[in-house]
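Scroll down for the structure; my scribbles are underneath it.
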Ligand code: ATP
Ligand code: MG
């Protein structure tokens, strides 16, 4: 029996004139995501993308899992491929649907006929297939109003397809149709979720990570790489830039008032990220900040952080509770890695009593006295690139 995957394109169908471009990007992303699983023919017709396995030993479960992670797909299903004849449909459908039909008491058949040359009309196809299935599975009853399962028969241009279960896709918009942005990534719970959420809106990601060896370890860096690897299952491959932050953090510690350490560090992160982001063709920065979560995320502290850069900053978690963030983190598979106990540069030199209402004038004054802006160029020039693949 020959099986394929049928994908209904979701939100992208609403994009009118851009639709072709969106479909092209989506198909490219799907190809990229499944290419190591075998050879496939991928085509599009009538708002449906067809993934047809070409090589023999392809496990469609693996393909389905990958497809479920690609943004731009609302729903998809596995389907049996038949010749465009009732004989072939009737000969194969019953066996193909064995597991589903044995597990149900009621069913109905729905048919769609986009090839109007097919000799039977849709209701006739449904009645004929339904009759045959009742014969084969005498325990079944037809229930057109509230069936446990719905068998769908579609007669299209290139073949007939029989399917039953619809699987949920990731939704969103294909990555690469929404421009580029840089995610400030830590090893925590929040920033990987923020990365996922913006990629879901079609953004292609670049990652920026600040490391302060020897205060932060190689293990901590590997943890961030591992998190990005998980994010890249959804967002696609990305470049990660690691910024050497030790000298700047030491200068902050030596020369600035303790209660301003965190806010000054965050402002420096934003300034450096802006340069790295622009060098990589990004239009915006993304952070995992959530209002009120910690001292550096009060409305006053964030207003102060925000003036450090003119760049557009996306904070997709800003109005979310930790519980809601954790729920997404579990769903996308980053949570277990995020809670591994490694240090982050934000957790070295943390002040005992951080200012929750920093006054910008004094913050800028402290930065100037410490001559921090002179250290930015060196940090930017020494970023290290790691390529992240799923
Ligand atoms: P997270 O769970 O993402 O670490 P958090 O709640 O711990 O967030 P902070 O540590 O204050 O909050 O960091 C706020 C945001 O700053 C993070 O979500 C992330 O976007 C960015 N950030 C923090 N540490 C780093 C780092 N070492 N490198 C790059 N960005 C960072
Ligand atoms: Mg953190």
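In the working numbering, the protein residues as written are 61 to 450.
Note that the Cβ used here is the ideal one computed from N, Cα and C, for glycine as well.
Quick caveat: nothing in here was measured; it's all calculated off a predicted structure.
> In terms of residues, what are the limits of the alpha helix (DSSP H) holding residue 93?
Replying inline: 79 to 94
> Residue range of the beta strand (DSSP E) that residue 172 falls in?
Replying inline: 166 to 173
> Secondary structure at residue 130, three-state DSSP: helix, strand or coil?
Replying inline: coil
> Exposed or buried, residue 418, counting other C-beta atoms within 10 Å across all chains shown (16 or more means buried)?
Replying inline: buried
>> the ligand ATP and residue 374: does any heavy atom of the ligand fall closer than 7 angstroms to the residue's C-beta?
In response: no
> For residue 136, does the count of other Cβ atoms within 10 angstroms reach 16, so buried, or fall short, so exposed?
Replying inline: buried
>> Does residue 274 come out as helix, strand or coil in the three-state DSSP assignment?
In response: coil
> Can you give the beta carbon distance from residue 469 to residue 416, rounded, assuming they're within the 8 angstroms contact cut?
Replying inline: Absent from the structure is residue 469, since the part of the chain shown begins at 61 and ends at 450.
> With burial defined as no fewer than 16 other Cβ atoms inside 10 Å of the residue's Cβ, what is the status of residue 392: buried or exposed?
Replying inline: buried
>> Please give me, in chain order, every unbroken run of the beta strand (DSSP E) with length at least 3 that falls completely inside the segment 237 to 299.
In response: 240 to 244, 264 to 271
> Is residue 143 helix, strand or coil by DSSP?
Replying inline: coil
>> So, at 7 angstroms on beta carbons, what are the nonlocal neighbours of residue 339 in its own chain, with the 5 sequence-adjacent residues on each side left out?
In response: none
> For the beta strand (DSSP E) that contains residue 462, what are its first and last residues?
Replying inline: This structure does not reach residue 462, given that the chain is present from 61 up to 450, and the question cannot be answered.
> Residue range of the beta strand (DSSP E) that residue 194 falls in?
Replying inline: No beta strand (DSSP E) holds residue 194; the alpha helix (DSSP H) holding it covers 182 to 196.
> What is the DSSP secondary structure of residue 204, counted as helix, strand or coil?
Replying inline: coil
> So, do the segment 264 to 279 and the segment 167 to 180 have three or more beta carbon pairs nearer to each other than 8 angstroms?
Replying inline: no
>> Quick check on the burial criterion: 16 or more other C-beta atoms within 10 angstroms. Buried or exposed for residue 399?
In response: exposed
>> So, for residue 156: in the same chain, excluding its five sequence neighbours on each side, which residues have a beta-carbon less than 7 angstroms away from its beta-carbon?
In response: 61, 140, 222
> If we ignore side chains and look at the alpha-carbon of each, how far apart do residue 344 and residue 281 end up?
Replying inline: 24 angstroms
> What's the C-alpha gap between residue 437 and residue 244?
Replying inline: 18 angstroms
>> Here's a check: name, in chain order, each residue in its chain whose Cβ is nearer than 6 angstroms to the Cβ of residue 342, leaving out the five neighbours to either side.
In response: 240, 241, 242, 266
> Cβ of residue 357 versus every heavy atom of the ligand HEM: is any distance shorter than 7 angstroms?
Replying inline: Among the ligands modelled here, namely the ligand ATP and the ligand MG, the ligand HEM does not occur.
>> I believe residue 111 touches residue 149 by the beta-carbon criterion, under 8 angstroms. Please report the beta-carbon distance rounded to the nearest angstrom.
In response: Contact doesn't hold; Cβ gap of about 21 angstroms is too wide.
> Do you know offhand how far residue 129's Cα is from residue 199's?
Replying inline: 37 angstroms
>> Comparing C-alpha positions only, which one of 308, 394, 374, 300 sits nearest to residue 445?
In response: 300
> Can you tell which of 386, 323, 158 has its C-alpha closest to the C-alpha of residue 359?
Replying inline: 323
> According to DSSP, which residues form a beta bridge with residue 102?
Replying inline: 111
> What are the start and end residues of the beta strand (DSSP E) that includes residue 373?
Replying inline: 372 to 374
> What do you reckon, is the C-beta of residue 115 under 7 angstroms from a heavy atom of the ligand ATP?
Replying inline: no
> Under 7 angstroms from any heavy atom of the ligand ATP, does the C-beta of residue 353 make it?
Replying inline: yes
> What did DSSP end up calling residue 62 once you bin it into helix, strand or coil?
Replying inline: coil
>> Can you tell me which residues form a DSSP beta bridge with residue 212?
In response: 170, 223
>> Here's the rule: buried if 16 or more other CB atoms are within 10 angstroms of the residue's CB, otherwise exposed. What is residue 83?
In response: buried
> Under 8 angstroms between C-beta atoms, does residue 158 make it to chain D?
Replying inline: Structure shown: chain D not included; a single protein chain is present.
>> Within 8 angstroms, do at least three Cβ pairs link the segment 117 to 132 to the segment 157 to 165?
In response: no
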